[in-house]
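K.L.:
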Amino acid sequence: MRGVSSTNSQLDEGYSEETRSQSDSDMMYTAVEDSSPDARVKEVTGLLSALSPEERRQIMMNCIKALDNSDKEEIKKYIEQLTHFDPATYLPAELFLQIFAYLSPKDLLNASTISRDWRHRAFDERLWKSCFAREGWVLDKDATSAFEKMAERKGRKIAEGILRTGTSSFVASAVPALERGESRKRSRGEAFNEGQASRAAGGLELDGAAEADVERQSSKESQDIEIENMEGVETAPAPATGRTARPASSEASSSVTANHNHEDVLHASFDSSTQADALFSPTSLVDFKLRPTVEQVSNNHSTPKLSWPYMYKQRRRLETNWEKGQYKMFQLPHPEHPEEGHAECVYTIQHTARHLVSGSRDRTIRIWDLQTYRLKGQPLRGHAASVLCLQFDERPEQDIIVSGGSDSSVIVWKFSTGAIVKKLVNAHGESVLNLRFDDRYIVTCSKDKTIKIWSRHALARDSELIPHKVIADFADPITAPRGGLGREIEAFTHLSTIGGHGGHHAAVNAVMIHDNTIVSASGDRTVKAWDLITGELKRSYVGHTKGIACVQFDGRRVVSGSSDNTVRIFDAFEQAEVACLTGHSNLVRTVQARFGDLGTTTNEELHAEARDVSRNFHRALSEGMTLAPASRRGIRNAGSARPDKQTSVNTRVPPGGGGTRWAKIVSGSYDETVIVWKRDAGGDWTPKLHLHQDMLLRTLRRRHLPATALPQPPNAGNLNAQGGGAGAQQNLQVAQHALVTAQHHLTQVTTLLQPLAQPGAGGLQHGQQLQNAVNAQGQLAQIHAVLQQQPAQNANGNATNINTNTTTTTHHHIHALNHTPAANAAAQQAIQHAQQAQAAAAGGQVHGGGGGHRDSYRIFKLQFDARRIVCCSQNKAIVGWDFANGDTELERIGDWSLQTA
Numbered sequence: 001m002r003g004v005s006s007t008n009s010q011l012d013e014g015y016s017e018e019t020r021s022q023s024d025s026d027m028m029y030t031a032v033e034d035s036s037p038d039a040r041v042k043e044v045t046g047l048l049s050a051l052s053p054e055e056r057r058q059i060m061m062n063c064i065k066a067l068d069n070s071d072k073e074e075i076k077k078y079i080e081q082l083t084h085f086d087p088a089t090y091l092p093a094e095l096f097l098q099i100f101a102y103l104s105p106k107d108l109l110n111a112s113t114i115s116r117d118w119r120h121r122a123f124d125e126r127l128w129k130s131c132f133a134r135e136g137w138v139l140d141k142d143a144t145s146a147f148e149k150m151a152e153r154k155g156r157k158i159a160e161g162i163l164r165t166g167t168s169s170f171v172a173s174a175v176p177a178l179e180r181g182e183s184r185k186r187s188r189g190e191a192f193n194e195g196q197a198s199r200a201a202g203g204l205e206l207d208g209a210a211e212a213d214v215e216r217q218s219s220k221e222s223q224d225i226e227i228e229n230m231e232g233v234e235t236a237p238a239p240a241t242g243r244t245a246r247p248a249s250s251e252a253s254s255s256v257t258a259n260h261n262h263e264d265v266l267h268a269s270f271d272s273s274t275q276a277d278a279l280f281s282p283t284s285l286v287d288f289k290l291r292p293t294v295e296q297v298s299n300n301h302s303t304p305k306l307s308w309p310y311m312y313k314q315r316r317r318l319e320t321n322w323e324k325g326q327y328k329m330f331q332l333p334h335p336e337h338p339e340e341g342h343a344e345c346v347y348t349i350q351h352t353a354r355h356l357v358s359g360s361r362d363r364t365i366r367i368w369d370l371q372t373y374r375l376k377g378q379p380l381r382g383h384a385a386s387v388l389c390l391q392f393d394e395r396p397e398q399d400i401i402v403s404g405g406s407d408s409s410v411i412v413w414k415f416s417t418g419a420i421v422k423k424l425v426n427a428h429g430e431s432v433l434n435l436r437f438d439d440r441y442i443v444t445c446s447k448d449k450t451i452k453i454w455s456r457h458a459l460a461r462d463s464e465l466i467p468h469k470v471i472a473d474f475a476d477p478i479t480a481p482r483g484g485l486g487r488e489i490e491a492f493t494h495l496s497t498i499g500g501h502g503g504h505h506a507a508v509n510a511v512m513i514h515d516n517t518i519v520s521a522s523g524d525r526t527v528k529a530w531d532l533i534t535g536e537l538k539r540s541y542v543g544h545t546k547g548i549a550c551v552q553f554d555g556r557r558v559v560s561g562s563s564d565n566t567v568r569i570f571d572a573f574e575q576a577e578v579a580c581l582t583g584h585s586n587l588v589r590t591v592q593a594r595f596g597d598l599g600t601t602t603n604e605e606l607h608a609e610a611r612d613v614s615r616n617f618h619r620a621l622s623e624g625m626t627l628a629p630a631s632r633r634g635i636r637n638a639g640s641a642r643p644d645k646q647t648s649v650n651t652r653v654p655p656g657g658g659g660t661r662w663a664k665i666v667s668g669s670y671d672e673t674v675i676v677w678k679r680d681a682g683g684d685w686t687p688k689l690h691l692h693q694d695m696l697l698r699t700l701r702r703r704h705l706p707a708t709a710l711p712q713p714p715n716a717g718n719l720n721a722q723g724g725g726a727g728a729q730q731n732l733q734v735a736q737h738a739l740v741t742a743q744h745h746l747t748q749v750t751t752l753l754q755p756l757a758q759p760g761a762g763g764l765q766h767g768q769q770l771q772n773a774v775n776a777q778g779q780l781a782q783i784h785a786v787l788q789q790q791p792a793q794n795a796n797g798n799a800t801n802i803n804t805n806t807t808t809t810t811h812h813h814i815h816a817l818n819h820t821p822a823a824n825a826a827a828q829q830a831i832q833h834a835q836q837a838q839a840a841a842a843g844g845q846v847h848g849g850g851g852g853h854r855d856s857y858r859i860f861k862l863q864f865d866a867r868r869i870v871c872c873s874q875n876k877a878i879v880g881w882d883f884a885n886g887d888t889e890l891e892r893i894g895d896w897s898l899q900t901a
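Just so we're aligned, residue 1 is where the sequence shown starts under full-length UniProt numbering, counting upward by one.
#1: Could you tell me whether the Cβ atoms of Thr-390 and Trp-368 are closer together than 9 Å?
#2: Have a look at the DSSP bridge pairing and note the partners of Val-870.
#3: For Phe-132, count neighbouring Cβ atoms within 10 angstroms of its own Cβ and tell me buried if that reaches 16, exposed if not.
#4: Excluding sequence positions up to five away, which residues of its chain have a Cβ less than 8 Å from the Cβ of Gly-377?
#5: Which residues in the same chain as Glu-430 place their Cβ atom closer than 7 Å to its Cβ, once the five residues preceding and following it in sequence are excluded?
#6: Residues in the same chain with beta-carbon distance under 6 Å from Gln-58, minus the five sequence neighbours each way, listed in chain order, please.
#7: Comparing C-alpha positions only, which one of Val-588, Ala-101, Phe-570 sits nearest to Ile-548?
#8: Counting Cβ pairs, one atom from each stretch, are 3 or more of them under 8 Å apart for the region 486-495 and the region 454-465?
#9: Which residue marks the beginning of the alpha helix (DSSP H) containing Ser-667, and which one marks its end?
#10: Excluding the 5 residues flanking Ala-663 on each side, which residues of the same chain have their C-beta closer than 7 Å to its C-beta?
#11: Could you give the residue range of the alpha helix (DSSP H) that holds Cys-131?
#12: Taking DSSP as the reference, what is the three-state secondary structure of Ala-728?
#13: Which residues in the same chain have their Cβ closer than 6 Å to the Cβ of Asp-671, if we skip the five residues on either side of it in sequence?
#14: For the alpha helix (DSSP H) containing residue 902, list its first residue and its last residue.
#15: Go ahead and label Gln-314 buried or exposed: buried means 16 or more other beta carbons lie within 10 angstroms of its beta carbon, across all protein chains shown.
#16: CA-CA distance, Ala-576 and Thr-651?
#17: Near Trp-896, which residues of its chain fall below 7 Å by C-beta distance, leaving aside the five closest residues on each side in sequence?
#18: Which class does Ser-560 belong to by DSSP, given the choice of helix, strand or coil?
#19: For Glu-135, tell me which candidate among Asp-71, Arg-316, Ser-669, Asp-887 has the shortest Cα-Cα distance.
#20: Nearest CA to the CA of Ile-451: which residue from Arg-556, Phe-553, Ile-411, Gly-499?
#21: For Leu-127, tell me which candidate among Ile-114, Asp-107, Ser-115, Ala-146 has the shortest Cα-Cα distance.
#22: Classify Trp-413 as helix, strand or coil using the three-state DSSP reduction.
#23: Measuring only the C-alpha atoms, how far is Thr-526 from His-504?
#24: Give me the residue from Gly-523, Thr-45, Ser-667 with the minimum Cα distance to Lys-688.
#25: Extract the residue ranges of the beta strand (DSSP E) inside the region 509-583, only unbroken runs of 3 or more that lie entirely within it.
#26: With a threshold of 16 other CB atoms inside 10 Å of the CB of residue 908, please say whether the residue is buried or exposed.
#27: Using three-state DSSP, classify Ala-841 as helix, strand or coil.
#28: Start and end of the beta strand (DSSP E) containing Ile-64?
#29: Taking the Cβ atom as the reference point for each residue, do Gly-682 and Arg-642 lie within a distance shorter than 9 Å?
#30: Tell me whether Ser-403 sits in a helix, a strand or coil according to DSSP, three-state version.
#31: Mapping the DSSP letters down to three states, classify Leu-696 as helix, strand or coil.
#32: What are the boundary residues of the beta strand (DSSP E) that includes Asp-369?
#33: Would Thr-566 pass as a contact of Arg-661 if the rule is Cβ separation under 9 Å?
#34: Using a threshold of 9 Å, state whether the C-beta atoms of Val-387 and Tyr-347 are closer than that.
#35: What three-state label does DSSP hand Ile-451 in the structure shown?
#36: Can you look up Glu-488 in the DSSP assignment and give me helix, strand or coil?
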């Protein structure tokens, strides 16, 4: 210790005279550096909390800039979770589906624009199937299943081509990209035809960047997508984007993820020419077998399933054509085959999607193919007088036509062969005016004031289908041999008769059967409802002031047409009139109604709506409302729920009869018009369309020219577009159309004779052809003068002169006439139509040939379905209006649609 300096040997006694100490920052740095990560984060957070919001924001932005991109994405997701709550992310698929089930189709489309998750949930097949059903629409499962099996058998591209164009030419015309893309592996979420068919049809495919742009745009664009255009439904999904689809671990999850790519081209394919709709539900993977829909469980033998959003869209488009009056007219027989038509007027028709059967005064029944407008087979002959009524069922298991005629007989035919199965001679004492059948009975009515019930099939003698009052008559084949001597009652046996005391006092003009109720309409001004089993009268419906010609019954409502020119709707249970439709000027001979609510609205819901109307009426009375004088001949309620318009209260159905928004009534009259009735905003049944078959029949009175050869004026056959007047305005439109026809024929004359005007044509011969053409030209000039003096009122009430500029045929073409039969015929037709135009312009319509003969177009019978209205009249041609309007997809969905009451 002696060698150590005294300085170094100085002991540290815990005290120092040094006045400098360690800096605060060094101390803090050392403390933070020495602490754990959690402690450091907590320390920094505490320091940041002491700063102002602006200072904190600046520090955070500086920190984020220094991070890697992957970290920035994580921070972005975290911020989104803090600022947005997306139910699609957290709610179970089934619960989300239940919530969406309350949305309307329009709301579903709006919801689909929110995000990708919302999009594929909004396009769940079950949601759109429910939307389809809620509209009151029903599809023929057999027809759609047949198409789906054909798609599986022939391939998706051929099936799509057939659906869109009616032929398989779609495949042959596809662009090369369609074939090149075939080898690529399709993602689970890709729709049946999308990505490939969309390119062929003009659709767009987007890369990842474009997808992001579209997704951002979809949240900014319009939040109110028009259902009429259905852009949200018609667009095609893009190819796989690399996202992993949610595993189809359950029926719910597989269905919910079905259309998750729909939003990728929502705004990229607004072009109306794009046809890349999703026809089928999505595929399952490499083998191109379609993934089963909700109804299917097994993946082993699944068949393609049509997409419900696609079918909803097409049916909605078809209904839009009805709303706008867009249709094409057609006639039977085909204009090029007039020899196939009836020889005299047609009294009765019935049609399905494929066939139409007609009965005529010429005593024949004819079966028509509605795809070709041609006669199938030979006319069915068996009646000795006019065929007045018929009904048929073309299904192979039914294969039946039943007809009744003026010869008092009823004949049962085999639809497939035309063979007579049974002829019931003298089935009634007088003409059989109407008949209906179901799977159990045939019900006929007659001018002899009675209704008769016949068996459809053989029955056991103790069958519960035998009406009670005649059970004893069939009990024993020995003591009561009615219906044959066997153990069974033979098919088509007369079971019972309704009439006599308590029955009708005049001819029974129409009859309907619904379950165990028969409803009949008579010239005695009443409609009656009968119990089929007991034969007892259940209810009578009174309101018409003249004889009743037609009736329809759906279990809730009775709809009838009468000689008092009205259509009336009655509450079937309470017997009260709930609507009176006035618009015809003559006997309403035929009527058909489709309310569409039997599968969507319960009787209790309908009754609740009626009770609300009754409460409002009584409330208005208590508040001083004055009742209008009651009079049957006064203005009746056309369906409004307004208290001051009520003519009946405490009913089971609301005013107008209820129904969906697509409900419609179509009526035909002896005033030669067909009216399509729709409910307006106030609930009143109002004429939506006035149709007239005369326009087409005059135009098509020629051979060798198809129905589409002539340019027809807008709304040809639709008198509704002429404003309120049905007199002079109707004449002017008839004149205008006949004028166009005449001009067309004169153009034909020019075309046919043009070669004869060339040098060396064989000399000039002034024959009848020249005179015909000159006469036609002169008459066209007269029409021009007459029509210019008669302005027509357009739909807005503004005077509009009809354009009558004639296409003058130059004389250097006409006078070089030779004996050319085609030219002569064309000139004759030009004169005929010019005469019609001249007569119509002068105020008198001449329907038909020369000599002033006026064909009658009194409507005898009509029927409509989702696609067509077809009617027959005192004219021997059958005329129809096809609201598919030439669109193959609408034709298909119309044919697949079943009619509901």
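Don't be surprised by glycine CBs; every beta carbon is placed ideally from N, CA and C.
P.N.:
Checking against the coordinates, here is how it stands:
#1: First, the amino acid is wrong: residue 390 is Leu here, not Thr. Not in contact: Leu-390 and Trp-368 (Cβ atoms no closer than 9 Å).
#2: Gln-863, Gly-880
#3: buried
#4: Ile-367, Gly-418
#5: Ser-408, Ser-446, Lys-447, Asp-448
#6: none
#7: Val-588
#8: yes
#9: Ser-667 -> not in any alpha helix (DSSP H); beta strand (DSSP E) instead, spanning 664-669.
#10: Arg-594, Phe-595, Gly-596, Arg-679
#11: 125-134
#12: Its pLDDT being 48, under 50, Ala-728 is placed unreliably by the model, and the measurement read from it follows with that caveat. Helix, per DSSP.
#13: His-584, Ser-585, Asn-586
#14: One cannot answer for residue 902 here, as it falls past the ends of the chain, which runs 1 to 901.
#15: buried
#16: 7 Å
#17: Leu-139, Asp-140, Ala-143, Thr-144
#18: strand
#19: Arg-316
#20: Gly-499
#21: Asp-107
#22: strand
#23: 8 Å
#24: Ser-667
#25: 517-522, 526-531, 537-542, 548-553, 557-562, 566-571, 577-582
#26: Since the first residue of the chain shown is 1 and the last is 901, residue 908 is not available in this structure.
#27: With a pLDDT of 45 at Ala-841, under the threshold of 50, the predicted position of this residue should be treated as unreliable, though the coordinate-derived value follows. Helix, per DSSP.
#28: Unbroken run through Ile-64 is the alpha helix (DSSP H), 53-65; no beta strand (DSSP E).
#29: yes
#30: strand
#31: helix
#32: 364-369
#33: no
#34: yes
#35: strand
#36: strand
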